[in-house]
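Report on one structure; see the data block that follows.
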Amino acid sequence: MKSMCIGAAVAVCLALPLPASAAETVLYVSPSGRDGAAGTISAPTTLTSAISRIAAGGTIYLRGGTYNQATTVTIPPANNGTASARKKLTAYQGEKPVLNFSAQTEDPANRGLAVNGSYWHVYGITVERAGDNGIFVGGSNNVFERTITRFNRDTGLQLSRIASDTPKNQWPANNLVLSAESHDNRDSDGEDADGFAAKLTVGSGNVFRYAVSHNNIDDGWDLYTKTDTGAIGVVTIEDSLAYKNGTLSNGGQAGNGDRNGFKLGGEDIAVPHVVRRTIAFDNGKHGFTYNRNPGTMTVSSNLSIDNDERNFSFDAGSSVYRGNTSCRSSKGSNDKTIGNADSSNQFWTGTNGSRCSSFTGALGWSFASDGKLRVTLGGKQVTL
0 MKSMCIGAAV
10 AVCLALPLPA
20 SAAETVLYVS
30 PSGRDGAAGT
40 ISAPTTLTSA
50 ISRIAAGGTI
60 YLRGGTYNQA
70 TTVTIPPANN
80 GTASARKKLT
90 AYQGEKPVLN
100 FSAQTEDPAN
110 RGLAVNGSYW
120 HVYGITVERA
130 GDNGIFVGGS
140 NNVFERTITR
150 FNRDTGLQLS
160 RIASDTPKNQ
170 WPANNLVLSA
180 ESHDNRDSDG
190 EDADGFAAKL
200 TVGSGNVFRY
210 AVSHNNIDDG
220 WDLYTKTDTG
230 AIGVVTIEDS
240 LAYKNGTLSN
250 GGQAGNGDRN
260 GFKLGGEDIA
270 VPHVVRRTIA
280 FDNGKHGFTY
290 NRNPGTMTVS
300 SNLSIDNDER
310 NFSFDAGSSV
320 YRGNTSCRSS
330 KGSNDKTIGN
340 ADSSNQFWTG
350 TNGSRCSSFT
360 GALGWSFASD
370 GKLRVTLGGK
380 QVTL
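0 is the number of the first residue of the sequence shown in numbering that gives the first Met the number 0; add one for each residue after it.
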């Protein structure tokens, strides 16, 4: 695709991908980089320039430091890698790049990093203080690995359609969020900022794995649907953790937030999501809630502990429950699980089951060198 220019005296070029022959395979970016720089390690360029120049299969290395951004950094829909040659946006080895959008005002248009292209791999980047989502994903077949989204003024990392006229067959699909953390996201109303969301307008095949969502003002995960846009694609959440959502790390709270660990639906629209080997701990409302999703969800081998209301709250539907465990250190609300549940589950209806003796003590977590999530309770590793 050619770079498009407008004007006779002064060319104003749009940030579209260059032809493969002119695009570059390795570019370096730093907080002090310049648009016109070569993009070498000794002459780094800017992030926006690198995004427009990188070839399929190429890598953009972000040097450590804080990148103060006043406007959204966008990877446009035409800027794609391929299944065999992803474009990579990655932290330079051993360094920590932070994209800081504190100059933005709170506004739905003021996202941080908007990935509307496809076949990108974003690795090791922190995005903070955006006026809306920290990372917005409108593209498909992307990987977001070891990202941190924090202190943003809406959901930390959200998947949704690019625009209101985006056709359903172009809704974001087959994205993988891997070994990522999202925390302390808060909007001024205190009711919209989740840790992670795949809601309203997403396609099928989106997966969250080894992800951690904590201390967000609203929910840890939000898979909300509404009648205006209908059902979304099936989302899989596995080997992940949601804790203390509804309360910020500084103790701040807001009365408007839903405060669930995993919110799995909305407005009586059936979607058969998959939630397995995940943990909900001390969230401000329910640990796991169907939230009016009457579909046949697969809810298996999950652990829910000491959430303020129910650990498992499924008031309707035909979900299938296997091997789930619900524990409390004191009194609380009984679980409710309408659907297909057998004796492999130990739900809480006034007393703890036998497995709960293995799940006591303070919560701890870390990512192993291979990216897998390691969760401990009382210093003992949790295995589900």
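For glycine and all other residues, C-beta sits at the position ideal for the given N, C-alpha and C. What you are looking at is a predicted structure, and each value in this text was computed from that prediction instead of being measured.
- In this chain, the alpha helix (DSSP H) harbouring residue 51 covers 46-52.
- Beta-bridge pairing by DSSP links residue 212 to 181 and 241.
- Residue ranges of uninterrupted beta strand (DSSP E) with 3 or more members, entirely inside the segment 55-122 and ordered along the chain, are 64-67, 72-74, 86-90, 96-99, 112-114 and 119-122.
- From the listed residues 245, 138 and 97, the smallest Cα separation to residue 306 is found for 245.
- Unbroken beta strand (DSSP E) stretches of 3 residues or longer found wholly inside the segment 222-299: 234-237, 240-242, 273-275, 278-280 and 297-299, given in chain order.
- Under DSSP, residue 304 shares a beta bridge with 280 and 326.
- Secondary structure of residue 309 (DSSP, three-state): coil.
- Taking each of 215, 342, 74 and 315 in turn and checking the Cα distance to residue 188, the smallest one comes out for 215.
- Between the segment 318-334 and the segment 346-357, the count of C-beta pairs closer than 8 Å reaches three or more; the two stretches touch.
- Between the segment 45-52 and the segment 102-111, the count of C-beta pairs closer than 8 Å stays below three; the two stretches do not touch.
- Taking the Cα positions, residue 59 is about 16 Å away from residue 126.
- When DSSP states are grouped into helix, strand and coil, residue 33 belongs to the coil group.
- The residue from 131, 212, 128 and 314 with its alpha-carbon nearest to that of residue 337 is 314.
- Beta-bridge annotation (DSSP): residue 315 is not paired with any residue.
- Rounded to the nearest whole angstrom, the CA to CA distance from residue 342 to residue 318 is 15 Å.
- Straight through space, the alpha carbons of residue 357 and residue 24 are spaced by roughly 50 Å.
- Here residue 180 is buried. Its C-beta has 16 or more other C-beta atoms within 10 Å.
- At the C-beta level, residue 114 and residue 132 stay beyond 8 Å of one another.
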